[in-house]
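Worksheet: one structure, shown below.
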(Lines of atoms letter the chains of each structure in order from A and count residues from 1; the text may use other names and numbers.)
(Lines give C-alpha, C1' and ligand atoms only; values in the text may rest on other atoms or scores of the structure.)
Protein backbone atom coordinates (compact mmCIF):
# COMPACT_ATOMS: atom_id res chain seq x y z
CA UNK A 1 0.00 0.00 0.00
CA UNK A 2 1.41 3.36 -1.10
CA UNK A 3 -0.10 6.54 0.31
CA UNK A 4 -0.58 9.95 -1.27
CA UNK A 5 2.04 11.19 1.20
CA UNK A 6 4.51 8.55 -0.05
CA UNK A 7 3.92 9.42 -3.68
CA UNK A 8 3.99 13.23 -3.55
CA UNK A 9 7.00 13.48 -1.26
CA UNK A 10 8.99 10.94 -3.25
CA UNK A 11 8.26 12.87 -6.45
CA UNK A 12 9.55 16.03 -4.73
CA UNK A 13 12.72 14.29 -3.51
CA UNK A 14 13.31 12.81 -6.97
CA UNK A 15 12.91 16.25 -8.54
CA UNK A 16 15.42 17.79 -6.13
CA UNK A 17 18.06 15.25 -7.16
CA UNK A 18 17.12 15.13 -10.86
CA UNK A 19 15.97 18.67 -11.75
CA UNK A 20 13.70 19.17 -14.76
CA UNK A 21 11.64 22.14 -15.88
CA UNK A 22 8.90 23.16 -18.30
CA UNK A 23 11.33 23.40 -21.20
CA UNK A 24 12.05 19.67 -20.96
CA UNK A 25 10.47 16.94 -23.05
CA UNK A 26 10.90 13.57 -21.36
CA UNK A 27 10.35 10.39 -23.36
CA UNK A 28 8.85 7.77 -21.07
CA UNK A 29 8.08 4.33 -22.59
CA UNK A 30 7.38 2.87 -19.14
CA UNK A 31 3.88 1.54 -18.37
CA UNK A 32 1.75 3.67 -16.06
CA UNK A 33 0.89 0.70 -13.85
CA UNK A 34 4.55 0.34 -12.85
CA UNK A 35 5.72 2.61 -10.05
CA UNK A 36 8.67 3.95 -12.12
CA UNK A 37 6.42 4.94 -15.01
CA UNK A 38 3.78 6.33 -12.68
CA UNK A 39 6.36 8.48 -10.88
CA UNK A 40 7.76 9.98 -14.10
CA UNK A 41 4.45 10.50 -15.91
CA UNK A 42 2.26 11.57 -13.02
CA UNK A 43 4.45 12.51 -10.06
CA UNK A 44 7.39 14.44 -11.47
CA UNK A 45 5.48 15.88 -14.44
CA UNK A 46 2.68 17.17 -12.22
CA UNK A 47 5.04 18.79 -9.73
CA UNK A 48 7.52 20.31 -12.19
CA UNK A 49 5.34 20.99 -15.22
CA UNK A 50 7.72 19.17 -17.54
CA UNK A 51 6.32 17.69 -20.75
CA UNK A 52 6.17 13.88 -20.92
CA UNK A 53 6.06 12.17 -24.31
CA UNK A 54 4.33 8.77 -24.33
CA UNK A 55 5.71 6.93 -27.38
CA UNK A 56 2.76 4.60 -27.92
CA UNK A 57 0.01 2.49 -26.42
CA UNK A 58 2.42 -0.44 -25.89
CA UNK A 59 6.15 -1.08 -25.88
CA UNK A 60 7.54 -0.66 -29.39
CA UNK A 61 11.13 0.49 -29.90
CA UNK A 62 10.24 2.08 -33.25
CA UNK A 63 7.71 4.30 -31.43
CA UNK A 64 10.45 5.43 -29.03
CA UNK A 65 12.81 6.29 -31.88
CA UNK A 66 10.13 8.34 -33.59
CA UNK A 67 9.08 10.11 -30.37
CA UNK A 68 12.62 11.24 -29.52
CA UNK A 69 13.23 12.32 -33.11
CA UNK A 70 9.93 14.17 -33.61
CA UNK A 71 9.57 15.81 -30.19
CA UNK A 72 13.26 16.58 -29.59
CA UNK A 73 13.24 14.88 -26.21
CA UNK A 74 15.90 16.03 -23.74
CA UNK A 75 15.59 13.02 -21.43
CA UNK A 76 14.75 9.33 -21.86
CA UNK A 77 13.61 7.30 -18.84
CA UNK A 78 13.47 3.52 -18.80
CA UNK A 79 14.92 0.21 -17.73
CA UNK A 80 18.45 -0.70 -18.94
CA UNK A 81 16.96 -3.26 -21.32
CA UNK A 82 14.88 -0.57 -23.02
CA UNK A 83 17.95 1.57 -23.66
CA UNK A 84 19.84 -1.41 -25.07
CA UNK A 85 16.84 -2.16 -27.30
CA UNK A 86 17.01 1.41 -28.63
CA UNK A 87 20.73 1.14 -29.44
CA UNK A 88 20.28 -2.31 -30.96
CA UNK A 89 17.43 -1.38 -33.28
CA UNK A 90 18.46 -1.71 -36.96
CA UNK A 91 17.05 1.77 -37.74
CA UNK A 92 18.66 3.56 -34.81
CA UNK A 93 21.15 5.49 -36.95
CA UNK A 94 18.33 6.91 -39.10
CA UNK A 95 16.94 8.97 -36.21
CA UNK A 96 18.21 12.20 -34.69
CA UNK A 97 18.99 11.81 -30.98
CA UNK A 98 21.11 14.95 -30.69
CA UNK A 99 18.52 16.59 -28.40
CA UNK A 100 19.02 13.92 -25.70
CA UNK A 101 21.17 15.18 -22.83
CA UNK A 102 20.12 12.84 -20.04
CA UNK A 103 19.28 9.15 -19.76
CA UNK A 104 17.58 7.90 -16.58
CA UNK A 105 17.86 4.19 -15.83
CA UNK A 106 16.06 2.19 -13.18
CA UNK A 107 13.95 -0.89 -12.61
CA UNK A 108 16.88 -3.30 -12.84
CA UNK A 109 20.58 -3.49 -12.04
CA UNK A 110 22.59 -1.48 -14.54
CA UNK A 111 26.26 -2.39 -14.95
CA UNK A 112 29.02 0.14 -15.50
CA UNK A 113 29.64 -1.17 -19.00
CA UNK A 114 26.02 -0.70 -20.06
CA UNK A 115 26.10 2.88 -18.75
CA UNK A 116 29.28 3.62 -20.70
CA UNK A 117 27.88 2.15 -23.92
CA UNK A 118 24.67 4.21 -23.62
CA UNK A 119 26.62 7.39 -22.90
CA UNK A 120 28.93 6.83 -25.85
CA UNK A 121 26.19 6.00 -28.35
CA UNK A 122 23.75 8.71 -27.24
CA UNK A 123 26.35 11.32 -26.26
CA UNK A 124 24.28 11.96 -23.12
CA UNK A 125 24.87 11.60 -19.40
CA UNK A 126 23.44 8.56 -17.65
CA UNK A 127 21.88 8.82 -14.20
CA UNK A 128 20.82 5.66 -12.39
CA UNK A 129 18.23 5.22 -9.67
CA UNK A 130 17.60 2.44 -7.20
CA UNK A 131 14.36 1.55 -5.48
CA UNK A 132 11.28 -0.62 -5.60
CA UNK A 133 7.51 -0.50 -5.36
CA UNK A 134 7.90 -0.64 -1.58
CA UNK A 135 10.01 2.55 -1.66
CA UNK A 136 7.59 4.32 -4.05
CA UNK A 137 10.22 4.03 -6.82
CA UNK A 138 13.59 5.73 -6.15
CA UNK A 139 15.33 5.54 -2.78
CA UNK A 140 18.78 6.41 -4.15
CA UNK A 141 19.65 8.37 -7.27
CA UNK A 142 22.81 9.54 -9.00
CA UNK A 143 22.97 13.29 -9.63
CA UNK A 144 24.09 14.67 -12.98
CA UNK A 145 26.71 16.68 -11.12
CA UNK A 146 28.23 13.66 -9.36
CA UNK A 147 31.83 12.72 -10.30
CA UNK A 148 31.91 10.28 -13.22
CA UNK A 149 33.46 7.60 -11.01
CA UNK A 150 30.39 7.71 -8.75
CA UNK A 151 27.87 8.33 -11.52
CA UNK A 152 28.96 5.35 -13.60
CA UNK A 153 29.61 2.85 -10.82
CA UNK A 154 27.01 3.44 -8.10
CA UNK A 155 23.28 4.11 -7.72
CA UNK A 156 24.04 7.37 -5.98
CA UNK A 157 23.18 8.52 -2.49
CA UNK A 158 19.81 8.34 -0.72
CA UNK A 159 17.33 10.97 -1.90
CA UNK A 160 16.71 14.00 0.31
CA UNK A 161 14.78 13.00 3.46
CA UNK A 162 15.55 9.31 2.85
CA UNK A 163 17.96 7.15 4.84
CA UNK A 164 19.86 4.05 3.71
CA UNK A 165 22.14 1.66 5.53
CA UNK A 166 23.82 -1.66 4.88
CA UNK A 167 22.88 -4.26 7.47
CA UNK A 168 24.35 -7.65 8.35
CA UNK A 169 21.92 -10.27 7.08
CA UNK A 170 22.05 -12.27 10.31
CA UNK A 171 22.39 -9.65 13.06
CA UNK A 172 20.81 -6.60 11.43
CA UNK A 173 23.75 -4.51 12.64
CA UNK A 174 25.21 -1.90 10.28
CA UNK A 175 28.21 -3.23 8.36
CA UNK A 176 31.56 -1.39 8.03
CA UNK A 177 32.17 0.96 5.09
CA UNK A 178 32.38 -0.91 1.75
CA UNK A 179 31.39 -4.23 3.36
CA UNK A 180 28.44 -6.00 1.71
CA UNK A 181 25.15 -6.59 3.44
CA UNK A 182 21.42 -6.12 2.92
CA UNK A 183 20.24 -2.66 1.86
CA UNK A 184 17.75 -1.13 4.32
CA UNK A 185 15.73 2.02 3.51
CA UNK A 186 13.80 4.39 5.77
CA UNK A 187 11.93 7.61 5.01
CA UNK A 188 8.72 9.18 3.72
CA UNK A 189 8.91 6.97 0.64
CA UNK A 190 8.60 3.63 2.46
CA UNK A 191 5.24 1.96 1.86
CA UNK A 192 2.58 1.33 4.50
CA UNK A 193 2.64 -2.43 4.12
CA UNK A 194 1.21 -5.29 2.04
CA UNK A 195 -2.58 -5.13 1.91
CA UNK A 196 -4.09 -7.88 4.02
CA UNK A 197 -0.63 -9.43 4.60
CA UNK A 198 0.39 -8.38 8.10
CA UNK A 199 2.83 -11.26 8.60
CA UNK A 200 4.57 -10.59 5.30
CA UNK A 201 4.75 -6.88 6.15
CA UNK A 202 6.43 -7.65 9.50
CA UNK A 203 9.05 -9.71 7.67
CA UNK A 204 10.31 -6.69 5.72
CA UNK A 205 9.43 -3.68 7.93
CA UNK A 206 11.15 -3.30 11.28
CA UNK A 207 9.57 -1.56 14.24
CA UNK A 208 11.77 1.44 13.49
CA UNK A 209 10.26 1.54 9.95
CA UNK A 210 13.35 0.30 8.15
CA UNK A 211 12.44 -1.54 4.93
CA UNK A 212 14.60 -4.63 4.36
CA UNK A 213 14.97 -4.68 0.57
CA UNK A 214 16.40 -8.16 0.01
CA UNK A 215 19.17 -6.59 -2.09
CA UNK A 216 22.89 -6.98 -1.44
CA UNK A 217 24.92 -3.80 -1.56
CA UNK A 218 27.70 -1.67 -0.13
CA UNK A 219 28.03 1.96 0.95
CA UNK A 220 31.23 3.95 0.60
CA UNK A 221 32.64 6.67 2.83
CA UNK A 222 30.75 9.35 0.88
CA UNK A 223 27.37 7.63 1.24
CA UNK A 224 27.16 6.28 -2.32
CA UNK A 225 25.43 2.91 -2.60
CA UNK A 226 26.44 0.09 -4.95
CA UNK A 227 23.99 -2.75 -5.63
CA UNK A 228 25.49 -6.22 -6.07
CA UNK A 229 22.31 -8.20 -6.67
CA UNK A 230 19.36 -9.87 -4.96
CA UNK A 231 20.02 -12.07 -1.96
CA UNK A 232 17.89 -14.75 -3.60
CA UNK A 233 19.86 -14.46 -6.87
CA UNK A 234 23.25 -14.93 -5.22
CA UNK A 235 24.88 -18.16 -6.43
CA UNK A 236 26.39 -20.31 -3.68
CA UNK A 237 28.89 -22.60 -5.37
CA UNK A 238 30.77 -24.94 -3.07
CA UNK A 239 30.40 -22.47 -0.21
CA UNK A 240 31.55 -19.47 -2.26
CA UNK A 241 29.14 -16.53 -2.57
CA UNK A 242 29.00 -15.36 -6.19
CA UNK A 243 27.22 -12.19 -7.24
CA UNK A 244 25.87 -12.39 -10.83
CA UNK A 245 26.41 -8.68 -11.55
CA UNK A 246 30.20 -9.10 -11.51
CA UNK A 247 30.11 -11.85 -14.14
CA UNK A 248 27.46 -10.04 -16.20
CA UNK A 249 29.68 -6.97 -16.24
CA UNK A 250 32.49 -8.96 -17.87
CA UNK A 251 30.36 -10.89 -20.36
CA UNK A 252 28.56 -7.73 -21.49
CA UNK A 253 31.88 -6.29 -22.69
CA UNK A 254 32.39 -9.11 -25.19
CA UNK A 255 31.94 -7.69 -28.71
CA UNK A 256 29.53 -10.46 -29.74
CA UNK A 257 27.23 -10.17 -26.70
CA UNK A 258 24.08 -8.03 -26.80
CA UNK A 259 23.12 -8.91 -23.25
CA UNK A 260 24.24 -11.42 -20.62
CA UNK A 261 22.41 -12.52 -17.49
CA UNK A 262 23.83 -14.87 -14.90
CA UNK A 263 22.00 -17.24 -12.57
CA UNK A 264 22.56 -20.33 -10.48
CA UNK A 265 21.46 -23.81 -11.51
CA UNK A 266 21.46 -26.92 -9.29
CA UNK A 267 24.54 -29.14 -9.12
CA UNK A 268 24.83 -32.37 -7.08
CA UNK A 269 28.47 -31.80 -6.10
CA UNK A 270 28.77 -28.00 -5.76
CA UNK A 271 25.20 -27.21 -4.70
CA UNK A 272 24.93 -24.65 -7.49
CA UNK A 273 26.84 -23.89 -10.67
CA UNK A 274 27.05 -20.64 -12.60
CA UNK A 275 24.97 -20.43 -15.77
CA UNK A 276 25.06 -17.54 -18.25
CA UNK A 277 22.04 -16.74 -20.41
CA UNK A 278 23.40 -15.04 -23.52
CA UNK A 279 21.69 -12.92 -26.17
CA UNK A 280 24.12 -12.50 -29.06
CA UNK A 281 24.24 -9.54 -31.39
CA UNK A 282 22.84 -10.11 -34.88
CA UNK A 283 25.30 -12.04 -37.03
CA UNK A 284 27.51 -13.04 -34.08
CA UNK A 285 28.58 -16.62 -33.46
CA UNK A 286 30.42 -16.74 -30.12
CA UNK A 287 30.08 -20.05 -28.26
CA UNK A 288 30.55 -21.18 -24.67
CA UNK A 289 34.28 -21.89 -25.12
CA UNK A 290 34.85 -18.41 -26.57
CA UNK A 291 33.11 -16.75 -23.63
CA UNK A 292 34.81 -18.91 -21.00
CA UNK A 293 38.18 -18.01 -22.51
CA UNK A 294 37.20 -14.34 -22.54
CA UNK A 295 36.42 -14.45 -18.80
CA UNK A 296 39.82 -15.86 -17.83
CA UNK A 297 41.93 -13.32 -16.01
CA UNK A 298 38.96 -10.97 -15.60
CA UNK A 299 37.17 -12.83 -12.82
CA UNK A 300 38.14 -15.63 -10.43
CA UNK A 301 38.18 -19.06 -12.05
CA UNK A 302 35.32 -20.40 -9.90
CA UNK A 303 33.07 -17.57 -11.13
CA UNK A 304 33.47 -18.45 -14.82
CA UNK A 305 30.16 -19.94 -16.01
CA UNK A 306 30.12 -23.69 -16.46
CA UNK A 307 26.89 -23.60 -18.46
CA UNK A 308 25.65 -21.30 -21.21
CA UNK A 309 22.18 -20.87 -22.67
CA UNK A 310 22.09 -19.02 -26.00
CA UNK A 311 18.70 -17.54 -26.80
CA UNK A 312 17.33 -14.62 -28.85
CA UNK A 313 15.59 -13.18 -25.78
CA UNK A 314 14.61 -13.94 -22.19
CA UNK A 315 11.48 -13.72 -19.99
CA UNK A 316 10.84 -10.12 -18.91
CA UNK A 317 8.39 -8.07 -16.89
CA UNK A 318 6.44 -5.23 -18.49
CA UNK A 319 9.35 -2.82 -17.98
CA UNK A 320 12.01 -5.19 -19.26
CA UNK A 321 13.28 -6.61 -15.97
CA UNK A 322 14.62 -10.14 -16.26
CA UNK A 323 12.44 -12.79 -14.63
CA UNK A 324 15.27 -14.94 -13.34
CA UNK A 325 13.07 -17.53 -11.67
CA UNK A 326 11.53 -18.36 -15.05
CA UNK A 327 14.95 -18.26 -16.72
CA UNK A 328 16.29 -20.70 -14.13
CA UNK A 329 13.46 -23.15 -14.80
CA UNK A 330 13.97 -22.88 -18.56
CA UNK A 331 17.74 -23.26 -18.26
CA UNK A 332 17.42 -26.39 -16.11
CA UNK A 333 15.12 -27.97 -18.72
CA UNK A 334 17.28 -26.92 -21.65
CA UNK A 335 20.49 -28.18 -20.02
CA UNK A 336 18.85 -31.39 -18.80
CA UNK A 337 19.87 -30.84 -15.18
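Numbering (UniProt numbering), first residue to last: 1 to 337.
No residue lacks a Cβ here, since even glycine has one placed at the ideal position from N, Cα and C.
Three-way DSSP call (helix, strand, coil) for residue i in this model
| i | result |
| --- | --- |
| residue 140 | strand |
| residue 67 | helix |
| residue 19 | coil |
| residue 294 | helix |
| residue 36 | helix |
| residue 44 | helix |
| residue 239 | coil |
| residue 314 | coil |
| residue 82 | helix |
| residue 186 | strand |
| residue 132 | strand |
| residue 199 | helix |
| residue 61 | helix |
| residue 334 | helix |
| residue 179 | coil |
Residue from the options whose Cα sits closest to the Cα of residue i
| i | options | result |
| --- | --- | --- |
| residue 59 | 279, 126, 191, 319 | 319 |
| residue 231 | 191, 184, 209 | 184 |
| residue 105 | 128, 274, 118, 87 | 128 |
| residue 23 | 169, 48, 40 | 48 |
| residue 263 | 243, 161, 209 | 243 |
| residue 124 | 111, 148, 108 | 148 |
| residue 316 | 8, 251, 324 | 324 |
| residue 163 | 44, 189, 175, 154 | 189 |
| residue 116 | 80, 90, 108 | 80 |
Buried or exposed (CB count within 10 angstroms, at least 16 for buried), residue i
| i | result |
| --- | --- |
| residue 200 | exposed |
| residue 337 | exposed |
| residue 314 | buried |
| residue 187 | buried |
| residue 1 | exposed |
| residue 222 | exposed |
| residue 30 | buried |
| residue 64 | buried |
| residue 120 | exposed |
| residue 303 | buried |
| residue 83 | buried |
| residue 114 | buried |
| residue 3 | exposed |
Residue i - partner residues in DSSP beta bridges
| i | result |
| --- | --- |
| residue 77 | 104 |
| residue 259 | 279 |
| residue 272 | 266 |
| residue 215 | 230 |
| residue 157 | 141 |
| residue 299 | 296 |
Rounded straight-line distance, which links the Cα of residue j to that of residue i
| i | j | result |
| --- | --- | --- |
| residue 236 | residue 137 | 29 Å |
| residue 74 | residue 100 | 4 Å |
| residue 210 | residue 255 | 42 Å |
| residue 20 | residue 216 | 31 Å |
| residue 208 | residue 96 | 50 Å |
| residue 220 | residue 272 | 30 Å |
| residue 169 | residue 70 | 49 Å |
Cβ-heavy atom distance, residue i to the ligand NAP, below 7 Å
| i | result |
| --- | --- |
| residue 85 | This structure simply doesn't include the ligand NAP, nor any ligand for that matter. |
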